[in-house]
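A.B. asks:
If you want it as structure tokens, here you go:
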């Protein structure tokens, strides 16, 4: 954690205690801190409520952070989960009900990548010519096909591998 993070927590006893409760079951201190200091405080401010009035439990924030850490949901999906957690829902229940579980099945992602590359010959050519932004575009296309559920880091790595095979 940065000095800034520590100072923010020290300055707000209630927030600090909430964070300490999160850390009882959370693995990633920095990620938990980011969600506590940035997202939680912003949500409270936006909704004009105090931490005591908030329905979210520290254990639920911890569960959500652990889901991100374990690759079950992406950071983007977590923002959607977070909104419902703040209303008192369980992260695992939200992920299940909304079908937000991140896809890390390499064969499924590989099929989506091949389909996308077959549809985007210009992006392959752009990559061959050193335009690395083509990878980002292709990741976006695969994410669109998977309705945002493909693991983005895995997708990026697999696209680069497939592009390198195709440009030889």
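Residue numbers (my numbering): 2 to 169.
Positions of the beta carbon are idealized from the N, C-alpha and C atoms, including for glycine.
(1) Relative to the C-alpha of residue 161, which candidate in 143, 147, 148 and 149 has its C-alpha closest?
(2) Quick one: any contact between the segment 98-106 and the segment 146-161, if contact means 3 or more CB pairs under 8 Å?
(3) If contacts are defined as beta-carbon pairs under 8 Å, then residue 47 and residue 89 qualify, I think. What distance do you get, rounded to the angstrom?
(4) Going residue by residue through the segment 11-89, where are the continuous alpha helix (DSSP H) segments of at least 4 residues, counting only ones entirely within it?
(5) Just grab the DSSP bridge partners of residue 104 for me.
(6) For residue 40 versus residue 83, is the C-beta spacing smaller than 8 Å?
(7) Report the three-state DSSP secondary structure of residue 160 (helix, strand or coil).
(8) I'd like to check one pair, residue 23 with residue 79: are the Cβ atoms closer than 8 Å?
(9) Out of curiosity, what's the CA-to-CA distance linking residue 110 and residue 49?
(10) Verify whether the separation of the beta carbon atoms of residue 34 and residue 67 is less than 8 Å.
(11) Could you check the C-alpha separation between residue 20 and residue 113 for me, to the nearest Å?
C.D. replies: From the atom records:
(1) 143
(2) yes
(3) Between residue 89 and residue 47 the Cβ distance is about 17 Å, and since that is not below 8 Å, they are no contact.
(4) 14-24, 30-35, 42-47, 59-70 and 76-86
(5) 151
(6) yes
(7) helix
(8) no
(9) 41 Å
(10) no
(11) 39 Å
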